[in-house]
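K.L.:
Going by the working numbering, the sequence shown opens with residue 1026, and the numbers climb by one from there.
What follows is a structure written as structure tokens; I'll ask about it next.
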Amino acid sequence: MSPADQKPLRLFLALWPDQTLREAIHNCSNELLVAQQDWHGRLVDKRNLHMTLAFLGSVATDRLDCIKKAAASLCWQAFTLQLDQPGFWDRARVAWLAPTDIPQQLTDLEQQLRRSLVTCGFAQQQRDYHPHVTLARKCRAPESSDVPAPLQQSLVWEVNNLVLVSSVTDPAGVRYEVIGRWQPDKTS
């Protein structure tokens, strides 16, 4: 079967936390949903926690090489994120955790990725980028419009990889398969 005949993949490029941070984020999710009782919602499986940089949608498999080359062409250095601000998006019905202070390296990486994906035929995204890790889905709108207080202790993320992920839906739910991984440039 040629790549053109294969079923399209649902893809996104993301930052992928290590196992220790994954556990910490998951624990934070549980605590947050207990503290914000009116949110309810379904926690994201800890194996699926990530920070999306670019959602590509349904993509023909014959475009994979171009996407991988675009990701490999990025010039970036490892950086640190401080995840400290929980929040909720009413329309999307998701609870999330984000950095209060967005490092310039993250902004630069996301913009560089947007530009490089244009060479693969993806339209340059026009909306602003709001970096976050989705903690729970199908949440109810909070009764209060108050923004939750920042975490007393932020979760420190040493960002050192970028991944291409395929989102696979099966009877057990959604699972993410990493199909490409890139490290930052080595500093001299």
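Just so you know, even glycine gets a beta-carbon here, dropped at the ideal spot from N, CA and C.
What span of residues does the beta strand (DSSP E) with Ala-1174 cover, start to end?
P.N.:
Neither: Ala-1174 is in no beta strand (DSSP E) and is coded neither H nor E.
K.L.:
How far does the beta strand (DSSP E) with Ile-1204 in it reach, from first residue to last?
P.N.:
First-last of the beta strand (DSSP E) with Ile-1204: 1198 to 1207.
K.L.:
On the CB-based measure, 16 or more other CB atoms within 10 Å of its CB, does Ser-1054 come out buried or exposed?
P.N.:
Buried.
K.L.:
Under a three-way DSSP split, which group does Asp-1087 fall into?
P.N.:
Correct three-state label for Asp-1087: helix.
K.L.:
Near Ser-1213, which residues of its chain fall below 7 Å by C-beta distance, leaving aside the five closest residues on each side in sequence?
P.N.:
Low confidence applies to Ser-1213: its pLDDT is 45, below 50, so where it sits in the model is not reliable, and the reading given next is rough at best. Contacts found: none.
K.L.:
Measure the alpha-carbon distance for Ala-1039 versus Met-1076 and round it to whole angstroms.
P.N.:
Approximately 5 Å between the Cα atoms of the pair.
K.L.:
Which residue marks the beginning of the alpha helix (DSSP H) containing Ser-1191, and which one marks its end?
P.N.:
Careful: Ser-1191 lies outside any alpha helix (DSSP H), inside the beta strand (DSSP E) at 1187 to 1195.
K.L.:
How would you label Cys-1164, buried or exposed, when you count the other beta carbons within 10 angstroms and need 16 or more for buried?
P.N.:
Buried is the call here.
K.L.:
Provide the residue span of the beta strand (DSSP E) that contains Arg-1162, from first to last.
P.N.:
Run containing Arg-1162: 1158 to 1162, per the beta strand (DSSP E) assignment.
K.L.:
Quick one: give me the first and last residue of the beta strand (DSSP E) that Thr-1105 is part of.
P.N.:
Residues 1104 to 1114.
K.L.:
Which residue wins for smallest C-alpha separation from Pro-1197, given the options Asp-1070, Glu-1048 and Gln-1044?
P.N.:
Pro is not the amino acid found at residue 1197; the sequence shown has Ala there. Among Asp-1070, Glu-1048 and Gln-1044, the Cα nearest to that of Ala-1197 belongs to Asp-1070.
K.L.:
On the DSSP letters alone, give me the boundaries of the alpha helix (DSSP H) that Arg-1139 sits inside.
P.N.:
Where Arg-1139 is concerned, the enclosing alpha helix (DSSP H) stretches over 1129 to 1143.
K.L.:
Three-state secondary structure (DSSP) at Arg-1067?
P.N.:
The answer is strand: DSSP assigns Arg-1067 an E or B state.
K.L.:
In the DSSP assignment, what residue or residues form a beta bridge with Thr-1077?
P.N.:
Note: Thr-1077 sits in a beta bridge opposite Ala-1039.
K.L.:
Tell me the DSSP bridge mates of Pro-1124?
P.N.:
Paired residues: Leu-1108.
K.L.:
Going along the chain, which residues of its own chain have a beta-carbon closer than 6 Å to the beta-carbon of Leu-1176, five neighbours each way excluded?
P.N.:
Here the set comprises Asp-1109.
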